[in-house]
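Visitor:
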Amino acid sequence: GAVVSQHPSWVICKSGTSVKIECRSLDFQATTMFWYRQFPKQSLMLMATSNEGSKATYEQGVEKDKFLINHASLTLSTLTVTSAHPEDSSFYICSARGDRDFYEQYFGPGTRLTVT
Amino acid sequence: GQNIDQPTEMTATEGAIVQINCTYQTSGFNGLFWYQQHAGEAPTFLSYNVLDGLEEKGRFSSFLSRSKGYSYLLLKELQMKDSASYLCAVIADDYKLSFGAGTTVTVRA
Numbered sequence: 021g022a023v024v025s026q027h028p029s030w031v032i033c034k035s036g037t038s039v040k041i042e043c044r045s046l047d048f049q050a051t052t053m054f055w056y057r058q059f060p061k062q063s064l065m066l067m068a069t070s071n072e073g074s075k076a077t078y079e080q081g082v083e084k085d086k087f088l089i090n091h092a093s094l095t096l097s098t099l100t101v102t103s104a105h106p107e108d109s110s111f112y113i114c115s116a117r118g119d120r121d122f123y124e125q126y127f128g129p130g131t132r133l134t135v136t
Numbered sequence: 042g043q044n045i046d047q048p049t050e051m052t053a054t055e056g057a058i059v060q061i062n063c064t065y066q067t068s069g070f071n072g073l074f075w076y077q078q079h080a081g082e083a084p085t086f087l088s089y090n091v092l093d094g095l096e097e098k099g100r101f102s103s104f105l106s107r108s109k110g111y112s113y114l115l116l117k118e119l120q121m122k123d124s125a126s127y128l129c130a131v132i133a134d135d136y137k138l139s140f141g142a143g144t145t146v147t148v149r150a
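Read top to bottom, the protein sequences are chains A and B. Residue numbering for the first sequence follows this note's numbering, beginning at 21 and increasing consecutively. Residue numbering for the second sequence follows this note's numbering, beginning at 42 and increasing consecutively.
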């Protein structure tokens, strides 16, 4: 149980375009989803926290108008990178937390974004 | 903010034991996680400690001392497939995971 999927697993886009990444909890209801970014040889940095049906909470330094997060249902959250630039190239990982175990997060497999 | 420190790299021989230390200073404490992450993949859960002491799970064990703000992950009988990055992460009062920079473990034959 507790499987989280992400789609796509990798994407290449041109500078200036937008990219949407989906995060789904497959066998449980995720009341909270988290979005992380990981640059090469660095650790995961939390970008934002989203709760179903409400606005996402962004970490300091993360532009909310550039990284749009929608958590429309208990099994789906999306991250849209708008007007992507090469410096946005990174590994984006989502995680989901259910309402039974408040401390455990289940990670998706990640999405490798390359902006050319 | 949260401060979590762990060594950058460690190298060990197949069959040996390696101990990865993690020290933390956080606003409150609701538990410490260890994750394994292979290159290009998402982290996978190894252990969760919220009380002091040693938790053993097969070849992997994790220890926590809350008074010292200290944890370690012990990997025994190292195998080549254990070559990976090991991430220490703490849940503080805000219930968010804060990660250390990760320790890259290289297992040599």
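Heads up, the beta-carbon is just placed ideally off N, CA and C, and yes, glycines get one too. This structure is a prediction, so every number in the text was calculated from the model and none was measured.
Using C-beta distances below 7 Å, list every residue in its chain close to VAL59 (chain B), excluding the 5 sequence neighbours before and after it, in chain order.
Guide: Cβ within range, chain order: MET51, ALA53, LEU116, LEU119 and VAL146.
Visitor: Measure the beta-carbon distance from TYR123 (chain A) to ALA22 (chain A) and round it to whole angstroms, keeping in mind my assumption that it falls under 8 Å.
Guide: The Cβ separation is near 13 Å, so there is no contact.
Visitor: How big is the Cα-Cα spacing for HIS27 (chain A) and GLY110 (chain B)?
Guide: Cα to Cα, HIS27 (chain A) sits roughly 37 Å from GLY110 (chain B).
Visitor: LEU66 (chain A) versus chain B: which residues are under 9 Å apart at the beta carbon?
Guide: What LEU66 (chain A) touches in chain B: LYS137, LEU138, SER139 and PHE140.
Visitor: If you check the beta carbons only, do LEU73 (chain B) and LEU105 (chain B) fall under 7 Å apart?
Guide: Yes. Within cutoff.
Visitor: Would you say ILE61 (chain B) reaches chain A, if we count a Cβ-Cβ gap shorter than 7 Å as a contact?
Guide: With 7 Å as the cut-off, ILE61 (chain B) does not count as an interface residue toward chain A.
Visitor: Are the C-beta atoms of ALA133 (chain B) and some chain A residue less than 7 Å apart?
Guide: False, the Cβ-Cβ gap to chain A never drops below 7 Å.
Visitor: Whose CA, out of A:GLU72, A:TYR78 and A:ARG117, lies closest to the CA of MET65 (chain A)?
Guide: The residue with the shortest Cα to Cα distance from MET65 (chain A) is A:TYR78.
Visitor: In the DSSP output, what is TYR56 (chain A) paired with across the bridge?
Guide: In DSSP, TYR56 (chain A) forms a bridge with A:LEU66 and A:ILE113.
Visitor: Write down the C-beta distance between THR98 (chain A) and ILE41 (chain A) rounded to the nearest angstrom, noting that I regard them as a contact closer than 8 Å.
Guide: So it is a contact: roughly 7 Å between Cβ atoms.
Visitor: Does the CB of ILE113 (chain A) have a neighbour CB from chain B at under 7 Å?
Guide: With 7 Å as the cut-off, ILE113 (chain A) counts as an interface residue toward chain B.
Visitor: Counting contacts by CB-CB distance shorter than 7 Å, is GLY130 (chain A) in contact with chain B?
Guide: Yes, contact with chain B.
Visitor: Based on Cα-Cα distance, which residue from B:SER68, B:ASN62 and B:GLU55 lies nearest to PRO48 (chain B)?
Guide: The shortest Cα separation from PRO48 (chain B) among B:SER68, B:ASN62 and B:GLU55 belongs to B:ASN62.
Visitor: What in chain B is Cβ-close to GLN62 (chain A), meaning under 9 Å?
Guide: The answer, in chain order, is ALA142 and GLY143.
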